[in-house]
Amino acid sequence: MNRLQAISDKLSNEVWRYAIIVGLASTPFTIILYWQSYPDFSHPISPVFFAGVLVGYISNKQDMDTRQIGKRTGLVAAVPVLWPFFDLLVFISGFSQPTWFSGFQVMAIILMSIVITVVSVLIGMIGAILGDWLAGKMGNYSLMKGQFAT
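Using the numbering used here, the letters of the sequence shown correspond one by one to residues 408 to 557.
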């Protein structure tokens, strides 16, 4: 019961809520760009960056920690990395090769997945910092009676 309560508390936290929503919203764009990169299969970072910019803008308006929400958004947006990870594990299991070499390949895949996840977290944080900066530069302009007021 305590674990469920801890998960519920994290999901009720505003920072995690925005990070999960925006990070998962960027996932379809990441998958589409991943498919379009065939046969190279590169991990696109632009959806993660723009998700970071969006949560950075939101964090400025909601008085949240920009770096934390950017890191968490990047972490959630790295979920598509798991798809090729499992695909490669299945592919490697079909080879007839020494066990030590399969183990080496699995460790290399795990290492690369960790590196890609860390890069995604950093890109999300950089995007959030930029989004926070943009929100500060734009100010709180609102349209009131046909005039812009600050």
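Glycine included, each C-beta is placed from N, C-alpha and C at the ideal position. Just so we're clear, the structure is a prediction, and the values are computed from it rather than from any experiment.
On the CB-based measure, 16 or more other CB atoms within 10 Å of its CB, does K552 come out buried or exposed? Caution applies to K552, whose pLDDT of 46 falls short of 50 and renders its modelled position unreliable; the model cannot decide the point.
Give the range of the alpha helix (DSSP H) segment to which I420 is assigned. A quick correction: the sequence has Asn, not Ile, at residue 420. Segment: none, N420 is in no alpha helix (DSSP H) and carries neither H nor E.
Just to confirm my understanding: we take V429, look at its own chain, exclude 5 residues before and 5 after, and list those with CB closer than 7 Å. What are they? These residues qualify, in order along the chain: A458, L461, V462 and T480.
Please state if the CB of G534 and the CB of F456 are separated by a distance shorter than 8 Å. Yes, they are a contact pair.
Are the CB atoms of P454 and T437 within a distance shorter than 8 Å? Result yes, Cβ atoms of T437 and P454 sit closer than 8 Å.
With distances taken between CB atoms, is the gap from Y425 to P487 smaller than 8 Å? No, they are not a contact pair.
Can you give me the start and stop residues for the alpha helix (DSSP H) that I465 sits inside? Membership of I465 in the alpha helix (DSSP H) is indicated by the continuous run S453 to Q469.
Through-space distance from N467 to T557, alpha-carbon basis: Only weak support exists for where T557 lies, its pLDDT of 49 falling under 50; the coordinates are left without a value.
Give every residue of the same chain whose Cβ lies closer than 7 Å to the Cβ of L431, excluding the five residues on either side of it in the sequence, and list them in chain order. Counting only Cβ-Cβ distances below 7 Å, and skipping sequence neighbours, we find V483.
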